[in-house]
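Chains as they are written, first to last, in the numbering used here: chain A, 1 to 353; chain B, 1001 to 1353; chain C, 2001 to 2353.
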Amino acid sequence: IKNSKLLNNIDITFDMRTELQAYTFRGGDRYYNGVQFENGFTALGFAAKLHEQVSFRFRNRFNRGSDIQSLDQLGSNIELAYVDVKATPKLNILIGKTYAFYGGYEYEFSALEVLEYNDIQSNALAYVTGAGITHQSMPDHKFGFQILNSRTMLYDDIYGEEAAENIEEPIWPVAVVGNWRGNFFDGKFQTIYSLSYSNQVKNRGTYFFTLGNKYQNKNLTLMYDFNYSYEEVDTKGIVTSIFDNDSVAQNALYIENWLRAEYRFNSKFKGLLSLMTSNAYGKVANDRNRLRTSYGMVPTLYYSPIKNFDIRFFLAYIGRFYNYSNYAVEQFNAADYNRNEVRIGIIAPLLLL
Amino acid sequence: IKNSKLLNNIDITFDMRTELQAYTFRGGDRYYNGVQFENGFTALGFAAKLHEQVSFRFRNRFNRGSDIQSLDQLGSNIELAYVDVKATPKLNILIGKTYAFYGGYEYEFSALEVLEYNDIQSNALAYVTGAGITHQSMPDHKFGFQILNSRTMLYDDIYGEEAAENIEEPIWPVAVVGNWRGNFFDGKFQTIYSLSYSNQVKNRGTYFFTLGNKYQNKNLTLMYDFNYSYEEVDTKGIVTSIFDNDSVAQNALYIENWLRAEYRFNSKFKGLLSLMTSNAYGKVANDRNRLRTSYGMVPTLYYSPIKNFDIRFFLAYIGRFYNYSNYAVEQFNAADYNRNEVRIGIIAPLLLL
Amino acid sequence: IKNSKLLNNIDITFDMRTELQAYTFRGGDRYYNGVQFENGFTALGFAAKLHEQVSFRFRNRFNRGSDIQSLDQLGSNIELAYVDVKATPKLNILIGKTYAFYGGYEYEFSALEVLEYNDIQSNALAYVTGAGITHQSMPDHKFGFQILNSRTMLYDDIYGEEAAENIEEPIWPVAVVGNWRGNFFDGKFQTIYSLSYSNQVKNRGTYFFTLGNKYQNKNLTLMYDFNYSYEEVDTKGIVTSIFDNDSVAQNALYIENWLRAEYRFNSKFKGLLSLMTSNAYGKVANDRNRLRTSYGMVPTLYYSPIKNFDIRFFLAYIGRFYNYSNYAVEQFNAADYNRNEVRIGIIAPLLLL
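In structure tokens:
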């Protein structure tokens, strides 16, 4: 009896996505074709409810490096290692390495399920160490608040000599994140909105907000995210790489739209479509200029051959188009390019125990 | 009941071999004595049958580096991470990072059980990512076919500046492997034969075939492998290191014989003997020359003190003799050398759950 | 039934300590303030009793690097991977990567429970590969003896070019450790004493002994350790860093005192106090001189909010004071410094299965 109880309260999971990808890069000085098998996602997880009030989650993602990071003393492979203590029926405390409470459904998905991220999430740090609370204020409204390290590494270890002028490591590289999860019309419409400030260097940081919206009916799910990230010191690296002048860009701005539609044809087939745009702006001599707009589209087909068991074969096309503004072309010799890719593979979220 | 069923279908294993080794190197400019404890094999494994049609296997070998490889996005430590889907009663599909379907019994053994490999397997890549099928065509005959990445890293990441002339990364560094597993006389005689082509660089690759044969009666097991590997670009590095001219050798050829005999004296003692030879040939100006012949012998004694529980103490001698041809001595200043080693240790294939 | 038995014999553990630390460095050219969240301890463990006579323990500590070490072929992250075979009712044999049988209660604690180590343990190698025996000679007296590698890496890989004069790698970098665990007055008074010699380089090594004493009554536990380490080649690096002359110091001596008191106020609150001093001596031209004395104090408060479940919030102050002797100040330009730190965090030794 004791053992049965134990087993009901622990999950050992292994999630994997393996795929064959064929891709071409074209544009500017990019001219490259490639075909290869890739393990897009390979992770072992432990989750447990150890007590009425205490649960725990751990994930080791084997596609990420295990070098110990100088600030939080874990490798990037340890994505989750936190305890969740229920302090009151409505209030939970989360401590450890965990996902930041950012909003948006692109971020809400496990990377197992996302073949291609938009520009911000491609370059964002998703897992950091800190403490947070969630409060189920009303049955349909949950609020979260976190205090986190804003990085996993000391500034010097990230940027080395390439630091921008007047840059100093702050006493505490801290991020504060607040979010709201809303539920409307019996869950047919849902939201995850977040607002955050992340201190990168002394007196300069990133203001990031995201509005995630989801509509769901029987067979159709529609998600739309809006992301806005103003970065006094560029943390995504896109503006920095366009300026390409050996220092980190300042006052970068990224504005994004992301849409994902999922339609379940029947128990075996599901169709998905992701669409995305991202605008990157830079500031030179008090003048803000659009530098680049990127577009993405990812139509995908899932085929689940086995009844009542989640293992999916998938076929997807990924189109990514990077268009530079005239300003960027003229000032920084930027050149448009694109990537076209076809992927065929398997997605397996396996529950071992 | 549900839990019992679950537990019957998952195995958590921990395999370890720890040993004290005392060795000498002699010959040429090698003169070295050493004694040390070593963890020869340390691996955590998960295997599960999750559904009538779906099983899964994972192995993390802690003696291998965890740097993420540029082609398949896993470290060398993740040796196995694949799902096996039974498509029809006779046809299985395997997808993920897995062992290549090479033949031969030297390769068939887990590294837990092999104290010393012959030259090809010492330098071969055993675990790569891809997809394969096995077909149990007749009760006693099973065929396998795989398409795999031929490497885990991009060519540049392996060879860096030391690349040979006229070498170009191919669009797809792909390997195809076919094998046959035969069963004769009620399993008394068995075979694992394989044939493979592995594309290394544009238009050049490795042709590898291996013939593994096994005879088994009550207390005696005899295994004999023949290996032939013709490499348009040397992937084992032995010929390259003899030429020693800052570029990867081309048109290398390796031909090997390997024999292993195991005899069970009684429930506590088992004797083993491995014998091996390997010939390395190089091609200079259209002339193929034998460069080196290596010999190996590994007599081993197992002692299993506990009845019905597999934990083995072992004592082994490993002799390895590397003899260079006159041609290699004259042209490349090669010099014979040898290694003599004694090992005492423990082999423990532990089933935790 | 079989499964229940299995589950009773395996433990899967996850131990974590996450903390917010705020610290200042002052003194000499050190002037630094910092605040950060840190994962002080994050480890997954497996322990199993697989047979009446065989048990097993494994721990992967994710705060340690996973680079494969050249001598024992495991990374520093794999702290434990050993089997324990009960040869007779009183005699156990331990083989694999394991903790050395050093004495003292500072060393006896898991790093999960120690916020700050004294100088020797801060710089010592705790987990190495080898073989040992323990013998329960009398109900209250247990003796242990081990033969181990004295390092995990080849000498060159540790010191590189910075080696001292006349230094040569020995044939076997071996350590021998003996210890005694005593139990007096029904466990009210306990001891762990050890004596060890560790060969570092040819003909030179470290003589280390430690006397650990523990007094325990209902709510109070008192521990006192005395450590003495004479190092013909400095392995702790403190004397080497004071000399700072590009070679490893010889004939270093470290002498330490360490005291820890724990008092349980009630089921929810526990108070702790650690006090420590460490003296470092160097030898120059046959003259032994005291170079540095360090002091440490760590008052800590534990709060365990949940009845019968071990999860602790803690608040601690850590004061560390490094005072150099006049000799060190005059000869080597050393300067006193100190670190003051406050930590607030959580300690969670979780039993998953």
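No residue lacks a Cβ here, since even glycine has one placed at the ideal position from N, Cα and C.
Please classify residue i: is it buried, with 16 or more other beta-carbons within 10 angstroms of its beta-carbon, or exposed?
i: Phe-2037(C); result: buried
i: Pro-2089(C); result: exposed
i: Pro-139(A); result: exposed
i: Asp-1186(B); result: exposed
i: Glu-354(A); result: Given a span of 1 to 353 for chain A in the structure shown, any question on residue 354(A) remains unanswerable.
i: Lys-270(A); result: buried
i: Ala-2087(C); result: exposed
i: Asn-1286(B); result: exposed
i: Phe-1184(B); result: exposed
i: Arg-59(A); result: buried
i: Pro-2305(C); result: exposed
Would you please verify whether the beta carbon of residue i is less than 9 Å from any beta carbon of chain C?
i: Lys-1002(B); result: Residue placement at Lys-1002(B) is poorly supported in this model, since its pLDDT is 47, which falls under 50; the coordinates are not used for a value here.
i: Asn-60(A); result: yes
i: Pro-1170(B); result: no
i: Thr-1042(B); result: yes
i: Asp-287(A); result: no
i: Asn-157(A); result: As written in the sequence, residue 157(A) is Asp, which differs from the Asn given in the question. Answer no: the Cβ-Cβ gap between Asp-157(A) and chain C never drops below 9 Å.
i: Leu-1353(B); result: yes
Would you mind telling me which residues of chain A sit closer than 9 Å to residue i, beta carbon to beta carbon, in chain order?
i: Thr-1129(B); result: Thr-18, Gln-36, Phe-37, Glu-38, Asn-39
Report the neighbours of residue i on chain C: residues whose CB is nearer than 9 Å to its CB, in chain order.
i: Gly-1065(B); result: Ser-2066, Asp-2067, Ile-2068, Gly-2075
For residue i, report the span of its alpha helix (DSSP H) as first-last.
i: Phe-243(A); result: 238 to 243
i: Asp-1225(B); result: Note, Asp-1225(B): premise wrong, no alpha helix (DSSP H); beta strand (DSSP E) at 1220 to 1233.
i: Gln-354(A); result: Here chain A covers residues 1 to 353 and nothing more, so residue 354(A) does not appear.
i: Asp-2067(C); result: Segment: none, Asp-2067(C) is in no alpha helix (DSSP H) and carries neither H nor E.
i: Glu-2019(C); result: Premise fails: Glu-2019(C) lies in the beta strand (DSSP E), 2010 to 2027, not in any alpha helix (DSSP H).
i: Tyr-2215(C); result: Where Tyr-2215(C) is concerned, there is no enclosing alpha helix (DSSP H), although the beta strand (DSSP E) it sits in stretches over 2204 to 2216.
i: Tyr-1159(B); result: 1155 to 1159
Output the boundary residues of the beta strand (DSSP E) element that contains residue i.
i: Ile-2147(C); result: 2141 to 2149
i: Glu-262(A); result: 250 to 264
i: Ile-1167(B); result: Per DSSP, Ile-1167(B) belongs to no beta strand (DSSP E) and is neither H nor E.
i: Tyr-1197(B); result: 1189 to 1201
i: Tyr-32(A); result: 30 to 51
i: Asp-1084(B); result: 1078 to 1086
i: Tyr-2357(C); result: A question about residue 2357(C) goes unanswered here, because the residues of chain C that appear run from 2001 up to 2353.
i: Gly-2282(C); result: 2269 to 2284
Which bits of chain C does residue i rub up against, with CB to CB less than 7 Å?
i: Asn-149(A); result: Gln-2036, Phe-2037
Which chain A residues sit within Cβ distance under 8 Å of residue i?
i: Lys-1097(B); result: Thr-18, Asn-39, Thr-42
i: Phe-2208(C); result: In chain order: nothing, as chain A lies at least about 27 Å away.
i: Ile-1192(B); result: Simply none; closest approach about 24 Å.
Report the neighbours of residue i on chain B: residues whose CB is nearer than 9 Å to its CB, in chain order.
i: Leu-222(A); result: Correct list: empty, because the minimum Cβ distance to chain B is about 31 Å.
i: Leu-350(A); result: Ala-1048, Leu-1050, Val-1054, Phe-1056, Val-1083
Is there a Cβ of chain A sitting closer than 9 Å to that of residue i, yes or no?
i: Gln-1250(B); result: no
i: Gly-2282(C); result: no
i: Ile-1133(B); result: no
i: Ile-1347(B); result: no
i: Ile-1344(B); result: no
i: Ile-1120(B); result: no
i: Ile-2238(C); result: no
Report the neighbours of residue i on chain B: residues whose CB is nearer than 7 Å to its CB, in chain order.
i: Asn-2053(C); result: According to the sequence shown, residue 2053(C) is Gln rather than Asn. What Gln-2053(C) touches in chain B: Ile-1306.
i: Ile-2010(C); result: Leu-1352, Leu-1353
Quick one: does residue i have its CB under 9 Å from some CB of chain B?
i: Ala-111(A); result: no
i: Leu-2071(C); result: yes
i: Val-2176(C); result: no
i: Phe-265(A); result: no
i: Ile-318(A); result: no
I want to verify the contact list: residues of chain C whose CB lies under 8 Å from the CB of residue i, in sequence order.
i: Asn-1033(B); result: Ile-2171
i: Ile-167(A); result: Near Ile-167(A) there are no residues of chain C at all, since even the closest Cβ is about 17 Å away, more than 8 Å.
To test your reading of the DSSP string, which unbroken beta strand (DSSP E) runs of 3 or more residues are found completely within the stretch 298 to 337 of chain A? Whole beta strand (DSSP E) segments, 3+ residues: 312 to 324.
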